[in-house]
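Top line first, the protein sequences correspond to chains A and B.
Going from the first sequence to the numbering used here is simple: count from 1 and add 9.
Going from the second sequence to the numbering used here is simple: count from 1 and add 9.
Glycine included, C-beta positions come from ideal geometry on N, C-alpha and C.
There are 2 protein chains.
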Amino acid sequence: MKAIIISIGDELLSGDIANTNGSFIASKLNEHNIPVIRILAVGDDADSITKSLEEIPEMVNIVFVTGGLGPTHDDITTKVAARFFDSELVFQQDLYDRVKARFAGYGIPMNEADRLQAFFPENCERIDNNYGTAIGMHFFKNGRDYFFMPGVPHEMKGMLTEQILPKLISGSHKKMQVRTLRTYGVGESKLYQSMKHWMEENPNIRVAFYPKDRGNDIKLQYYPDSEKAVENLIQQLSDSIYGFDSEEIEEKIAKKLIEKKWTLAVAESCTGGLIASRLTDISGSSQYMMYGIVSYSNDAKMKLLGVKEESLKKYGAVSQEVAAEMAEGVRQYSDCEIGISTTGIAGPTGGTAEKPVGTLWCAVSCLGKSEVFHYCRNINREANKIRFTQFALKKLLEKLK
Amino acid sequence: MKAIIISIGDELLSGDIANTNGSFIASKLNEHNIPVIRILAVGDDADSITKSLEEIPEMVNIVFVTGGLGPTHDDITTKVAARFFDSELVFQQDLYDRVKARFAGYGIPMNEADRLQAFFPENCERIDNNYGTAIGMHFFKNGRDYFFMPGVPHEMKGMLTEQILPKLISGSHKKMQVRTLRTYGVGESKLYQSMKHWMEENPNIRVAFYPKDRGNDIKLQYYPDSEKAVENLIQQLSDSIYGFDSEEIEEKIAKKLIEKKWTLAVAESCTGGLIASRLTDISGSSQYMMYGIVSYSNDAKMKLLGVKEESLKKYGAVSQEVAAEMAEGVRQYSDCEIGISTTGIAGPTGGTAEKPVGTLWCAVSCLGKSEVFHYCRNINREANKIRFTQFALKKLLEKLK
């Protein structure tokens with residue numbers, strides 16, 4: 010089986026909305042191992058819709074179409090489909106009654122445009138819509154199935170998952186496993202290099218790289234018999250992996266802290282509160298999160314964190330010495346097991362030859378023992394803050410292991 | 010002019026990501042009144058890419074292609090394009106030096122895969138990339154322009170808006186004005202109701218609503234002769250508007266504080282550092298941002314902010330009294346003009362009948378005078394934190410006016 014998806018709607022071509030219907034259908038089909046070979050968005054005009062139906066590649070045997078089944082003036086898909094499949098639009102009393110009943114349920118009067126929804130092609134199978142008035146259509150022509158669904162996302166999703174997929178998918182479709190390895194600290198091309206040999210040895214495992222703000226995600230799709238090979242890869246990359254699927258570092262930190270019954274305090278300069286914010290994104294974080302201090306000024310570093318004036322003068326605020334004093338200072342002040350700190354230059358200004366924009370010093374103090382880490386890479390202020398935060402959280406997680 | 014957009018990437022056909030590159034390009038072209046007649050997504054294989062280039066409708070004279078210009082194994086667009094346009098891939102020393110310099114800047118070594126980016130088609134115009142290594146390509150064949158851009162969104166956006174569009178758009182294209190009104194605190198349907206009359210009076214102004222985490226954006230597209238009508242709408246909605254286009258509240262706060270030469274301190278409970286983080290997203294925030302304190306525990310509220318034990322016992326940590334004491338406490342402690350505080354229940358647990366999940370008390374203390382504000386709406390923990398933050402920042406901005 011091979012599928013294509015055609016999404017109809019001027020709002021897609023104006024760029025006002027992204028084609029999330031297309032990606033939803035594609036992801037559902039992929040789960041069932043039905044490859045999608047193209048996703049096409051066209052406008053609400055008869056020519057474009059007709060052309061998109063005419064130009065379907067030979068090898069495709071399932072076509073999904075969304076949009077244009079509703080009651081407004083630009084909903085012309087039903088009419089175009091009827092013409093394309095040599096069918097007549099016929100008034101169907103039960104459909105009329107159905108639309109009427111739904112409007113009565115909403116407590117709003119039905120108008121002439123709504124009545125048009127009762128005109129339906131003769132030689133097509135209806136697909137129920139449990140979430141709206143527009144009925145879906147199923148045509149079969151020259152060995153190819155065509156499914157027409159409404160464009161309203163929740164109606165389309167209901168129709169696809171509850172009506173169409175259960176019928177379409179027979180037991181013969183082996184469902185693939187999906188696993189995402191979330192890595193941090195290794196560039197995409199280096200990651201690719203280190204996996205190249207493994208990929209050549211495992212041509213049946215589908216691999217895709219997703220560069221994200223928080224690191225590179227590697228998505229693997231495979232049949233159960235490749236489980237061992239996937240485990241080997243995880244072993245190989247273990248130093249760079251911070252989580253699986255949608256897991257975030259802060260969740261793993263939360264688990265570790267709760268397990269150990271430890272508490273934590275944060276002293277942030279260049280990350281400006283983002284570490285505290287991510288740690289408190291977790292429900293129940295009040296169990297381990299004691300203090301967060303954003304000490305942008307030297308004054309705050311001294312007054313709240315006990316950083317020595319001498320250290321600030323001698324090494325500067327962005328230094329390993331100050332980072333260590335901040336982490337230990339906030340830990341002692343708040344009487345926690347863990348203190349973590351960041352001091353650096355997020356940019357775009359403030360860099361020097363010695364300490365360029367993108368420089369970070371991060372310290373983790375654990376039960377009185379501090380360790381300091383250095384990072385240096387500049388993208389832009391916002392991205393730097395995110396990467397600084399990710400770097401610091403990863404170092405913290407390693408300490409907790 | 011008529012355009013089509015071809016987006017290349019298996020991640021689009023697997024449904025892992027929606028084609029936001031396609032919608033971004035479409036919206037930019039629409040602003041310049043260049044209609045897009047289709048948006049196509051195809052996979053990372055030579056056949057699909059070639060076919061998509063062969064099947065472009067006759068009437069199209071501009072083609073935008075994104076994706077597959079990078080250094081990994083699935084980046085084959087350059088090769089396919091060279092073949093399609095009968096061009097040779099030639100090693101180009103200056104491109105090699107460019108990639109090398111970029112890697113040197115990052116402080117990471119260059120590998121063989123990165124070197125491949127220096128092979129470039131002979132007979133094509135280069136398009137600069139100010140945000141990454143992959144160079145864009147411009148081909149012209151049979152009266153049609155083809156622009157190839159990288160798939161990484163910020164690289165593509167930079168290339169399109171800074172390199173391609175300025176060249177493409179001649180004076181003859183009457184450009185539509187685009188203005189986005191960013192509102193907070195009014196639901197979409199209420200917003201629509203309040204604008205309905207204005208929309209009927211101004212049918213030539215294109216209006217689109219975008220519900221966002223930080224509020225509802227209203228995008229207006231119009232020709233210069235509608236400027237007056239737009240100004241009227243802005244007047245009408247002024248209480249709900251916090252900014253225009255991509256403007257964020259924190260930028261306006263920064264401007265006001267710098268103007269007044271005031272400084273600020275933040276005491277956060279339920280927002281967990283997000284307010285401090287947003288305020289420090291602004292470059293130069295060290296001028297006005299003194300302290301940020303994340304006081305999740307009662308202990309922290311008393312010790313760092315001077316909140317009275319009595320108040321915590323009598324009213325609870327989530328109360329207007331404690332909010333006011335936090336704001337004034339952090340302001341006095343840090344000797345700033347402005348103190349701002351939040352205390353509330355982000356959820357999903359911790360709510361009571363009297364103080365349900367979604368409750369927020371926020372206080373702004375300005376030169377010793379505190380004012381307290383209440384908000385209550387529950388969506389989910391993450392969205393609540395974002396809305397709490399937006400609410401508090403909006404109240405702060407109003408105070409500064």
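Assuming residue i is part of the beta strand (DSSP E), what are its boundary residues?
i	result
Ser304/B	Met298 to Ser304
His147/B	Gly145 to Lys150
Thr272/B	First-last for Thr272/B: undefined, no H or E at that position.
Ser16/B	Ala12 to Ile17
Ala372/A	Thr368 to Cys375
Gln186/B	Gln186 to Thr192
Lys228/B	Gly224 to Tyr231
Arg153/B	Arg153 to Met158
Pro357/B	Where Pro357/B is concerned, there is no enclosing beta strand (DSSP E), given that its DSSP letter is neither H nor E.
Gly79/A	Unbroken run through Gly79/A: none, as it is neither H nor E.
Is there a C-beta anywhere in chain A that falls below 8 Å from the one on residue i?
i	result
Thr29/B	yes
Ala285/B	yes
Asn393/B	no
Ala217/B	yes
Thr87/B	no
Thr59/B	no
Leu169/B	no
Thr81/B	yes
Ser181/B	Here the model assigns Ser181/B a pLDDT of 49, short of 50, so the residue's position is not dependable and the matter cannot be decided.
Glu259/B	no
For residue i, would you say it is in contact with chain B, using Cβ-to-Cβ distances shorter than 8 Å as the test?
i	result
Met158/A	no
Arg340/A	no
Glu64/A	yes
Gln202/A	yes
Val74/A	no
Asp25/A	yes
Ser235/A	no
Val45/A	yes
Thr358/A	yes
Ser350/A	no
Ser249/A	no
Asn39/A	yes
Is it true that the CB of residue j sits closer than 8 Å to the CB of residue i?
i	j	result
Met185/A	Tyr219/A	no
Lys150/B	Phe73/B	no
Cys279/A	Ala336/A	no
Gly338/B	Ala401/B	no
Leu283/A	Gly282/B	yes
Ile188/B	Asp254/B	Sequence check: residue 188/B is Arg here, not Ile. Cβ atoms of Arg188/B and Asp254/B: closer than 8 Å.
Asn28/A	Ala27/B	yes
Leu22/A	Ala35/B	yes
Val327/A	Ser320/A	no
Ile243/A	Ile250/A	yes
Cys62/A	Ile13/A	First, the amino acid is wrong: residue 62/A is Leu here, not Cys. Contact: no.
Gln101/B	Ala143/B	no
Ile214/B	Val239/B	yes
Could you check how far apart the C-beta atoms of residue i and residue j are, in whole angstroms? I think they sit under 8 Å.
i	j	result
Met311/B	Ala309/A	In fact, because the Cβ distance is near 19 Å, the residues do not count as touching under 8 Å.
Thr352/B	Trp370/B	5 Å
Ser343/B	Ala372/B	Actually they are not in contact, since the Cβ atoms of Ser343/B and Ala372/B sit about 15 Å apart, beyond 8 Å.
Ala392/A	Asp222/A	6 Å
Gly18/B	Asp56/B	Rounded, the Cβ-Cβ distance is 15 Å, inconsistent with contact.
Glu134/A	His147/A	4 Å
Pro47/B	Val51/A	Position check: residue 47/B holds Arg in this sequence, whereas Pro was assumed. 5 Å between Cβ atoms; contact.
Would you decide whether residue i is buried or exposed? Buried here means 16 or more other CB atoms lie within 10 Å of its CB.
i	result
Glu260/A	exposed
Ser16/B	buried
Leu273/B	buried
Glu164/B	buried
Asp234/A	exposed
Ser181/A	Per-residue confidence for Ser181/A stands at a pLDDT of 49, beneath the threshold of 50, marking its modelled position as unreliable; the derived number appears in the next sentence. Exposed, by the Cβ-count rule.
Over what stretch of residues does the alpha helix (DSSP H) that includes residue i continue unbroken?
i	result
Met208/A	Glu197 to Glu210
Arg390/B	Arg390 to Leu409
Tyr324/A	Glu318 to Tyr324
Ser61/B	Ala55 to Glu63
Ser286/A	Leu283 to Leu288
His163/B	Pro162 to Gly167
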